[in-house]
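Asker: Protein chains in written order, with the numbering used here: chain A, 1 to 374; chain B, 1001 to 1350. Note that the Cβ used here is the ideal one computed from N, Cα and C, for glycine as well. In this text the structure is predicted, and so the values were computed from the model without any measurement.
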Amino acid sequence: MKYIDEFRDGEVAQKLAIAIRREAQAGRRYHFMEFCGGHTHAISRYGVADLLPDNVKMIHGPGCPVCVLPIGRIDQAIRLALAQGVILCTYGDCLRVPASDGLSLLKAKAQGADVRMVYSSADAVALAQKNPGRQVVFFAIGFETTTPPTAVAIRQAAAHGLKNFSVLCCHVLTPSAIASILESPEVRQWGTVQLDGFIGPAHVSTIIGSRPYEFFAEEYRKPVVIAGFEPLDVMQAIRMLIRQVNEGRAEVENEFSRAVDRNGNLKAQQLVGEIFEMRKNFEWRGLNVLPYSALRIRDQFAEFDAEKRFDLTYEPVPDHKACECGAILRGVKRPQDCKLFGTVCTPENPIGSCMVSSEGACAAHYTYGRYKDV
Amino acid sequence: MSKTRQAYVRPLDIKHGQVEMAHGAGGRAMAQLIDELFARYLGNEFLAQGDDGALLPAVGEGRLVMATDAHVVSPLFFPGGDIGSLSVHGTLNDVAVMGARPLWLSAAFIIEEGFKLADLARIVQSMASAAKAAGVPVVTGDTKVVERGKGDGVFITTTGIGVVAPGMELSGRSARPGDAILLSGTLGDHGMAIMAVRESLGFESPIVSDSAALHGLIAAMRASGAELHVLRDPTRGGLATTLNEIARQSGVGMMLQEKALPVNPAVAAACEFLGLDPLYVANEGKLVAICAERDAEMLLAAMRAHPLGVQAAIIGRVHADPQHFVQMTTGFGGKRIVDWLSGEQLPRIC
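(1) Check whether the region 1049–1061 of chain B and the region 1085–1093 of chain B touch, using three or more Cβ-Cβ pairs below 8 Å as the test.
(2) Which ranges would you report for the alpha helix (DSSP H) in the region 206–290 of chain A if only whole runs of at least 4 residues count?
(3) Report the rounded CA-to-CA distance for Pro132/A versus Ala77/A, giving the unit in angstroms.
(4) For my contact list, Cys356/A and Ala363/A are in at a C-beta cut-off of 8 Å; report their separation, rounded to the angstrom.
(5) Given 8 Å as the limit, is there contact between the region 1222–1230 of chain B and the region 1288–1296 of chain B, that is, 3 or more CB pairs closer than that?
(6) Taking CB distances under 8 Å as the criterion, tell me whether Pro70/A reaches chain B.
(7) Applying the 10 Å Cβ sphere with the 16-neighbour rule, what's the burial state of Glu348/A?
(8) Any beta carbon from chain A within less than 8 Å of Phe1332/B's own beta carbon?
(9) Pull up the DSSP beta-bridge partners for Gln1327/B, would you.
(10) Within 10 Å of its beta-carbon, does Met1001/B have 16 or more other beta-carbons around it, so buried, or fewer, so exposed?
(11) Using 8 Å as the threshold, is the C-beta distance between Leu1120/B and Leu1037/B below it?
(12) Should Asp1035/B go down as buried or exposed, given a rule of 16 or more other Cβ atoms within 10 Å for buried?
(13) Taking the straight line between their C-alpha atoms, what separation do you get for Gly1188/B and Leu241/A?
(14) Counting contacts by CB-CB distance shorter than 8 Å, is Arg8/A in contact with chain B?
(15) Inspect the beta-carbon positions of Ala1219/B and Ala1305/B and report whether they are closer than 8 Å.
(16) Check the Cβ-Cβ distances between Lys1335/B and every residue of chain A, and say whether any is below 8 Å.
(17) Evaluate Glu253/A with the Cβ neighbour count: other Cβ atoms within 10 Å of its Cβ, from every protein chain shown; 16 or more gives buried, anything less gives exposed.
(18) Is there a C-beta anywhere in chain A that falls below 8 Å from the one on Met1001/B?
(19) For the alpha helix (DSSP H) containing Gly326/A, list its first residue and its last residue.
(20) DSSP three-state call for Leu1117/B: helix, strand or coil?
(21) Apply the 10 Å Cβ neighbour rule to Ile1349/B and answer buried if 16 or more other Cβ atoms are within range, or exposed otherwise.
(22) Within its chain, find whatever has a CB closer than 7 Å to the CB of Thr145/A; leave out the 5 residues flanking it on each side and keep chain order.
(23) So what does DSSP say about Lys372/A, is it helix, strand or coil?
(24) Under a CB-based cut-off of 8 Å, is Gln189/A close to chain B?
(25) Check the Cβ-Cβ distances between Phe1078/B and every residue of chain A, and say whether any is below 8 Å.
(26) Along chain B, which residues have their Cβ under 8 Å away from the Cβ of Met381/A?
(27) Looking at Ile1123/B and Gly1084/B, is the spacing between their C-beta atoms short of 8 Å?
(28) If you drop the 5 nearest sequence neighbours on each side, which residues of the same chain put their C-beta closer than 8 Å to that of Met1098/B?
(29) Apply the 10 Å Cβ neighbour rule to Thr1186/B and answer buried if 16 or more other Cβ atoms are within range, or exposed otherwise.
(30) Can you list the residues of chain B that Val374/A reaches, using a CB-CB cut of under 9 Å?
(31) Can you give the beta carbon distance from Lys57/A to His41/A, rounded, assuming they're within the 8 Å contact cut?
Given below as structure tokens:
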């Protein structure tokens, strides 16, 4: 496939692997976090880790939209679908995330809830237009990449004067999550998690640009390399991070220059700003409550805010006691360190959210890499 | 034309009519539907017996294979086929990959009240031509009608019977370390053809289902003289799931070569677009063959010489592995597991 195969070329990968091996200094250990689930998936699916020398380790980060969604938010969506009888539509990954009472959206569907999978927010608006007699709620999740489409959906709904469309907004912000990891005691105080740099998000950065990461490079002295989601992108980013570490630099570099620039997509940012504003607090799975880390719908568009339309309140729900998703999302533990991994918690029967989405660290390791554990 | 048929007041209005509850009630309306639609297109000496079951001749040597498959595909019509042809191919292939020569089919229809007779006729005709092309008659059947809203157009369950020649031993338990794994053609065409229609993806060149009867290809493979151990058609769950089933049944591991996997570029693009992996997407006209290593090239040549195996490839090897992992050397040069399909990737695909 043109424009894709070039970034998955095995021969180029071997050459890059040799270069990485040459440049990684023998006496040094390199620990890099790939923030995004998209990178986690690429690393696992293409076996990138097999091409890295032993002293270069990748730590999976929290950039998987489904993984950071707390149980309480899924519960809200399930309640809307079961008790309020709305058509609840959302992206496919969301459907299997375990919630309270042994439910998930998919299980609620089996109980009679009208839950639909959509590929885009536009599909959700179309559903509302097709079903004027029903309330349609779009359960909007994701980082900055999926936020502009949700904004467009709300604007369209407003333009069409739709009275039966609303959004349960759970959009979260990448920089807050990175800051929370860098501020965590494991990284900052105790040093139990060695973190020498970040592979920055690909798609998120097409929206927000590379500028927001400059703070992390300067303030925390951590190199950041923004990389595309193809495996060669990841390899090249790792090489660039190794160079920064070797040279004692902590800068924001852009491997994904074919799509990302410093300022990002200003039009999208403007649109998001028009529809959304910061939430004071938002609970993340694994990262707890983070201030100014998520978005809510502005009052001007309140009629499209499902939380207001259906008078929803948020109740936090603790995770399963033995589930290590929280620690895994912060890079403190690896999937195979969790007692539940692969025994109680499997993709068929996930206990924690990291086992659900293909971008989740546990699902990626279970699906692609668990042969290494035996 | 039979005498009973002449007794009907008016012929079925296939062009404008629709299925009514009476068409499944066992009375005259049902008899008329059977006569004017099912018997008309599917007719053969066994169906013409008109009894509760088909009286079939004894098969001489060999053992019988029986397989059944319910078809609930949505949409009913898709590029490359429809539920009618699919219901013939699906079951025939289940019989054929057992090493059997398929002999007879049965078909049970569950039809939703209000379903257009024109669509039903189209489906039955398609079924008839698929059965005819395969040389396997539909010898008995059943028709039920459910109330509007209680079905989704039409569901078709077919059962096939075939005969396995003496000495033919094929089973998912027979893969052995060292064996070669062959695939008869491109991955994921059926699943993506359905998906493209359902999601109105509107690709410039439509993806066409690979729905086809495989027993001709299998006969050619057997004629090659290669020592076949396992044959299976990777339908729902795709190649990945089929190989995992075999690995578990045989108690072995497998190593695939990603670069060797044939995928139609349009399917690869559609999968990329939807975030799907062709390894998990359904096929309806492909088979996996596991054979003795020394015969692999010979078998490959025989497959490629058949129209349904032109793009056949040797995709991997069987090895000893107590964990029964199916693994793959990625095109990128790393290794990974090719796991069972988890959950439901694409519902109502066949």
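Answerer: The answer reads as follows:
(1) no
(2) 214–220, 231–246, 266–275
(3) By one-based count along the first sequence, residue 132/A stands at place 132. By one-based count along the first sequence, residue 77/A stands at place 77. Cα to Cα, Pro132/A sits roughly 20 Å from Ala77/A.
(4) Within the first sequence, the letter at position 356 stands for residue 356/A. Within the first sequence, the letter at position 363 stands for residue 363/A. According to the sequence shown, residue 356/A is Val rather than Cys. The pair is a contact, with the Cβ atoms about 6 Å apart (cut-off 8 Å).
(5) yes
(6) Mapped onto the first sequence, residue 70/A falls at position 70. No, because no Cβ of chain B sits closer than 8 Å to the Cβ of Pro70/A.
(7) Position 348 of the first sequence holds residue 348/A. Glu348/A comes out exposed.
(8) Taking the first residue of the second sequence as 1, we reach residue 1332/B at position 332. Interface residue, yes.
(9) Within the second sequence, residue 1327/B is the residue found at index 327, counting from 1. Per DSSP, Met1255/B, Ile1337/B.
(10) Translated into the one-based positions of the second sequence, residue 1001/B becomes position 1. Confidence in Met1001/B is poor, its pLDDT being 46 and thus under 50, which makes the residue's placement too unreliable to answer from.
(11) Counting from one through the second sequence, the residue named residue 1120/B turns up at place 120. Counting from one through the second sequence, the residue named residue 1037/B turns up at place 37. Yes.
(12) The sequence position of residue 1035/B within the second sequence is 35, counting from 1. Its Cβ being crowded by 16 or more others within 10 Å, Asp1035/B is buried.
(13) Sequence index remark: in the second sequence, residue 1188/B carries index 188 (1-based). Sequence index remark: in the first sequence, residue 241/A carries index 241 (1-based). Distance between the alpha carbons of Gly1188/B and Leu241/A is about 38 Å.
(14) Against the first sequence, residue 8/A aligns to sequence position 8. Taking Cβ atoms only, chain B reaches closer than 8 Å to Arg8/A, which makes this a yes.
(15) Position 219 of the second sequence, counted from the first residue, corresponds to residue 1219/B. Position 305 of the second sequence, counted from the first residue, corresponds to residue 1305/B. No.
(16) Taking the second sequence and counting its residues from 1, the one referred to as residue 1335/B is at position 335. Lys1335/B counts as touching chain A.
(17) The residue labelled residue 253/A in the question sits at position 253 within the first sequence. Glu253/A is buried by the Cβ-count criterion.
(18) Here residue 1001/B is taken as the residue at index 1 of the second sequence, counted from 1. Its pLDDT being 46, under 50, Met1001/B is placed unreliably by the model, and the measurement read from it follows with that caveat. Taking Cβ atoms only, chain A never reaches closer than 8 Å to Met1001/B, which makes this a no.
(19) One-based indexing of the first sequence puts residue 326/A at position 326. Where Gly326/A is concerned, the enclosing alpha helix (DSSP H) stretches over 325–329.
(20) Within the second sequence, numbered from 1, the residue matching residue 1117/B stands at position 117. Residue state, collapsed to three classes: helix.
(21) The sequence position of residue 1349/B within the second sequence is 349, counting from 1. Its Cβ being crowded by 16 or more others within 10 Å, Ile1349/B is buried.
(22) The residue labelled residue 145/A in the question sits at position 145 within the first sequence. The residues are His203, Val204, Ile207.
(23) Counting from one through the first sequence, the residue named residue 372/A turns up at place 372. In the structure shown, Lys372/A sits in a helix (DSSP, three-state: H, G or I).
(24) In the first sequence, counting from the first residue as 1, residue 189/A sits at position 189. Chain B contact via Cβ: absent.
(25) For the purposes of this step, residue 1078/B is taken as the residue at position 78 of the second sequence. Chain A, which has no Cβ nearer than 8 Å to the Cβ of Phe1078/B, makes this no.
(26) Since the first residue of chain A shown is 1 and the last is 374, residue 381/A is not available in this structure.
(27) Position 84 of the second sequence holds residue 1084/B. Position 123 of the second sequence holds residue 1123/B. Yes, these two residues count as a Cβ contact at 8 Å.
(28) Translated into positions along the second sequence, residue 1098/B becomes position 98. Closer than 8 Å at Cβ, skipping near neighbours: Val1065, Ala1067, Gly1162, Val1164, Leu1170, Leu1231.
(29) To locate residue 1186/B, count along the second sequence from 1; it is residue 186. The residue is buried, with at least 16 neighbouring Cβ atoms inside 10 Å.
(30) Here residue 374/A is taken as the residue at index 374 of the first sequence, counted from 1. By Cβ distance, chain B contributes Pro1322, Gln1323, Phe1325.
(31) Here residue 57/A refers to the residue found at position 57 when the first sequence is read from its first residue. Here residue 41/A refers to the residue found at position 41 when the first sequence is read from its first residue. The pair is not a contact, with the Cβ atoms about 18 Å apart (cut-off 8 Å).
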